[in-house]
Amino acid sequence: MSTRCTPPPLSQSPPSPHIAVAILVTMAATLMLLLLHHQKRAAAPKKREASCLPPGPATLPFIGNMHQLIWNKSSVFRWIHRVLDETAAGASALTLKLGSVHVIVVACPEIAREVLRRNEAAFFSRPATFASSLFSYGYKSTSLTVVEDQWKKMKRVLTSEVLSPALECRLHGRRVLEADHLVRSVHGQLKSTPGGCVDVRHVARHFCGNIIRRLVFGKRCFGESPAAMSVAGGPGADEQEHVDALFTLVNYVYSFCVSDYYPGLVGLDLDGHEKVAKGVMRTLDRLHGPVIDERVREWSQRRKAGDRRDVADILDVLVSLEDADGQPVLSMDEIKAQTVELMFGSVVYPSNTVEWALAEMMNRPGVMQKAIDELDAVVGKERLVQESDICNLNYLKSCIREAFRLHPYHAINAPRVATEDTAIAGYLIPKGSHVIVSRIGLGKNPKVWPEPLEFRPERHLGDGVAVVLAEPDLRFVTFGTGRRGCPGVSLGTAFTMVLFARLLQGFSWAKPPGIDRINLQESPTSLALAAPLVLQAEPRLAPHLYA
Numbered sequence: 032m033s034t035r036c037t038p039p040p041l042s043q044s045p046p047s048p049h050i051a052v053a054i055l056v057t058m059a060a061t062l063m064l065l066l067l068h069h070q071k072r073a074a075a076p077k078k079r080e081a082s083c084l085p086p087g088p089a090t091l092p093f094i095g096n097m098h099q100l101i102w103n104k105s106s107v108f109r110w111i112h113r114v115l116d117e118t119a120a121g122a123s124a125l126t127l128k129l130g131s132v133h134v135i136v137v138a139c140p141e142i143a144r145e146v147l148r149r150n151e152a153a154f155f156s157r158p159a160t161f162a163s164s165l166f167s168y169g170y171k172s173t174s175l176t177v178v179e180d181q182w183k184k185m186k187r188v189l190t191s192e193v194l195s196p197a198l199e200c201r202l203h204g205r206r207v208l209e210a211d212h213l214v215r216s217v218h219g220q221l222k223s224t225p226g227g228c229v230d231v232r233h234v235a236r237h238f239c240g241n242i243i244r245r246l247v248f249g250k251r252c253f254g255e256s257p258a259a260m261s262v263a264g265g266p267g268a269d270e271q272e273h274v275d276a277l278f279t280l281v282n283y284v285y286s287f288c289v290s291d292y293y294p295g296l297v298g299l300d301l302d303g304h305e306k307v308a309k310g311v312m313r314t315l316d317r318l319h320g321p322v323i324d325e326r327v328r329e330w331s332q333r334r335k336a337g338d339r340r341d342v343a344d345i346l347d348v349l350v351s352l353e354d355a356d357g358q359p360v361l362s363m364d365e366i367k368a369q370t371v372e373l374m375f376g377s378v379v380y381p382s383n384t385v386e387w388a389l390a391e392m393m394n395r396p397g398v399m400q401k402a403i404d405e406l407d408a409v410v411g412k413e414r415l416v417q418e419s420d421i422c423n424l425n426y427l428k429s430c431i432r433e434a435f436r437l438h439p440y441h442a443i444n445a446p447r448v449a450t451e452d453t454a455i456a457g458y459l460i461p462k463g464s465h466v467i468v469s470r471i472g473l474g475k476n477p478k479v480w481p482e483p484l485e486f487r488p489e490r491h492l493g494d495g496v497a498v499v500l501a502e503p504d505l506r507f508v509t510f511g512t513g514r515r516g517c518p519g520v521s522l523g524t525a526f527t528m529v530l531f532a533r534l535l536q537g538f539s540w541a542k543p544p545g546i547d548r549i550n551l552q553e554s555p556t557s558l559a560l561a562a563p564l565v566l567q568a569e570p571r572l573a574p575h576l577y578a
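Per our numbering, numbering of the sequence shown is gapless, rising by one per residue and ending at 578.
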């Protein structure tokens, strides 16, 4: 009987080798096409985003450029500007990626104006950082707050009450007292110091500290001793700590702390910033706290007694403000936060600018002589220069403008946060980006300033146009611009110009023996002079003006 093999059903027949290969190739090709399509769709937004951002250095996954920032931690701002110079043959804007945050650095006036003026609404907020929260008692001040409603409240208090023309006029006599003390103090130092040398940095910083404490607290010193409270008294240990703390605050308020970009790291203090910031606040709370607490108690008792006497200083204004129901307008934290803000803004920037202006002028005798000639022509030598003379001292104001341009204390402006995707100068700035305007990039931009590294006050003189310290066109930064610009332009101008003019009018300045040229090297951690400016001085006015 023959045996026949019945073929299996078609569905069970094994495929030929050629068919198997064809199926595998088809499946692989299909899978490949699907993967490519998925990758293309996923990559398209990133490609568009990257092509719309300003240029920047290569980044690493997750950390971006954080490793470079940490490596250059001792002088982050110098590294940023070095990268800016090296990117695209000196780009006008730069993108850094710090963690998940795009940090956009702007270095030309056109883009700065787009950010801070034309698109201010989209860049109104500030980033939330450990230091800015701490220094502002939880964002209760004006310039550091991240909440627009809080900013509106505090800005209204500043402009209508604290910095009002009426209060500025009422406190004029206190400013005059400190300006007179400045001249007597330097004159006294010349008598007691061998060689007649004066530490200009010490003089400038403590003049600013004395005057703002007198305006805010009603007294120039924290101590109660007769020597400290007298007009002739010099700064004591508390006053020195106070000024030092204010400078440290400015150094650390927006200093690229690692935990600002990785909030989960707050408390670990990986770069030591938190310890420094807390130390600053311990000092300021120790010095400001008792004065503020006592004033709050005093005004509380006045309210109960129906005492409506006039305010005597800025702290009185802050504490005494009442709403329609007779309740205090400001909380204790708001009072403390605004006090700190008034202090650091009034001490750091005027003193640094005047020190730099004098340093530059010592290396340029022609500039110094022009300034002296203007003072002698406008004011003379029979009386001391006053605030009312400032409007007529255009060359002196040009010297200060040039110092602001060339030597800002801080390399960057306080950052802004993009609250929505915004097109700026052909770039698309993503929502959440931090945008910082480079003071160095603006002030030393060769496209704006011919020979930008030269100290040349004449560049600020116009034909018959009065010189002002403010720079609304953002060719460099003084008091800022827009809604978040500094509201204290008038007071800041008075502080700076009276300090500068009194030093120039009251004394003839010379380099110490053996010094041919003042060293203009910058500090490694800020843009201040690396070493305090020390000069020889001689009185140039009649003796009775120093009495």
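Virtual Cβ for every residue (Gly too), placed ideally from N, Cα, C.
| Where L551 falls: helix, strand or coil (DSSP) | coil
| request: Output the boundary residues of the beta strand (DSSP E) element that contains W540. | output: F538 to A541
| request: Entirely within the region 91-170 and at least 4 residues each: give me those alpha helix (DSSP H) ranges in chain order. | output: 97-102, 107-117, 140-144 and 161-166
| request: Please list the segments of the alpha helix (DSSP H) lying wholly inside the region 285-372, counting only runs of 4 or more residues, in order along the chain. | output: 304-336 and 345-351
| said: Check this for me: beta carbons of L277 and M374, under 9 Å apart or not? | reply: yes
| request: Determine the direct distance from the alpha carbon of S167 to that of L18, and round the result to whole angstroms. | output: Residue 18 lies beyond the stretch modelled for the chain, which goes from 32 to 578, so this question has no answer here.
| Looking at the unbroken alpha helix (DSSP H) that takes in T279, where does it start and where does it end? | Counting along the chain, T279 sits inside the alpha helix (DSSP H) bounded by residues A268 to Y283.
| query | How about the region 444-456 and the region 467-487: do they share at least three Cβ pairs that are nearer than 8 Å? | reply | At 8 Å Cβ cutoff, the stretches touch.
| task | Would you kindly work out how many angstroms separate the C-alpha atoms of G523 and L91, rounded to a whole number? | result | 44 Å
| What does DSSP give as the partner residues of D230 in its beta bridges? | For D230, DSSP records a beta bridge to V565.
| Taking one C-beta from the region 404-421 and one from the region 543-561 each time, how about it: are there three or more such pairs within less than 8 Å? | no
| request: Give the straight-line distance between the Cα atoms of Q99 and H112, rounded to the nearest whole angstrom. | output: 13 Å
| request: State the Cα-Cα distance for the pair R432 and Q358, rounded to the nearest angstrom. | output: 43 Å
| message | Quick check: P86 and L129, are their CB atoms within less than 9 Å of each other? | response | no
| query | Exposed or buried, what is C36 when buried is set at 16 or more other beta-carbons lying within 10 Å of its beta-carbon? | reply | Residue placement at C36 cannot be trusted, given a pLDDT of 40 that sits under 50; what the coordinates show is reported in the next sentence. Classification of C36: exposed, given that the 10 Å Cβ count is below 16.
| task | Spell out the partners DSSP gives A454 in its beta bridges. | result | L459
| request: Would you kindly report the start and end of the unbroken beta strand (DSSP E) that includes V468? | output: H465 to V468
| said: Out of E353, T512 and S539, which one is the CA nearest neighbour of M399? | reply: S539
| With burial defined as no fewer than 16 other Cβ atoms inside 10 Å of the residue's Cβ, what is the status of G295: buried or exposed? | exposed
| message | What does the alpha-carbon distance come out to for the pair L424 and V529? | response | Whole-angstrom Cα-Cα distance: 11 Å.
| task | Go to H203, then tell me how far its alpha helix (DSSP H) extends in each direction, as first and last residue. | result | H203 to S223
| query | Looking at the structure shown, is V178 part of a helix, part of a strand, or coil, going by DSSP? | reply | DSSP places V178 outside both helix and strand once states are collapsed to three, so it counts as coil.
| Between which two residues does the alpha helix (DSSP H) harbouring E405 extend? | P396 to V409
| task | Note down the Cα distance separating R515 from G376, rounded to an integer number of angstroms. | result | 14 Å
| request: Using 10 angstroms around the beta-carbon of Y292, count the other beta-carbons present and answer buried if the total reaches 16, otherwise exposed. | output: buried
| query | Would DSSP call I431 helix, strand or coil? | reply | helix
| task | Leaving aside the five residues before and after C517 along the sequence, list all residues of the same chain whose C-beta is less than 6 Å from its C-beta, in chain order. | result | Exclusion of the five residues before and after C517 leaves F510 and G511 as the residues of its chain whose Cβ lies within less than 6 Å of its Cβ.
| Would a C-beta distance cut-off of 9 Å place L473 and L505 closer than the cut-off? | Cβ atoms of L473 and L505: closer than 9 Å.
| query | With P570 and H218 assumed to form a contact (beta carbons below 8 Å), what rounded beta-carbon distance in angstroms separates them? | reply | H218 and P570 do touch by the CB rule: their CB atoms are close to 6 Å apart, below 8 Å.
| message | Buried or exposed, going by whether 16 or more other CB atoms sit within 10 Å of the CB of C428? | response | Position check: residue 428 holds Lys in this sequence, whereas Cys was assumed. Buried.
| query | Would DSSP call L415 helix, strand or coil? | reply | If DSSP states are grouped into helix, strand and coil, L415 belongs with coil.
| message | Using the Cβ count rule (16 or more neighbours within 10 Å means buried), how would you classify A60? | response | Any reading at A60 needs caution, since the residue's pLDDT is 42, under 50, leaving its predicted position unreliable; the model's value is listed next. Exposed, since its Cβ has fewer than 16 Cβ neighbours within 10 Å.
| Is it true that the CB of V385 sits closer than 9 Å to the CB of A235? | yes
| Cα separation between P252 and R157? | Position check: residue 252 holds Cys in this sequence, whereas Pro was assumed. Cα to Cα, the separation comes out at about 33 Å.
| Would you say G226 touches the ligand NAP, meaning its beta carbon is less than 8 Å from a heavy atom? | For the structure depicted, the ligand NAP is absent and the ligand set is empty, with no information on it obtainable.
| message | Considering Cα atoms alone, identify which of L280, V322, V307 and V281 is closest to K250. | response | V322
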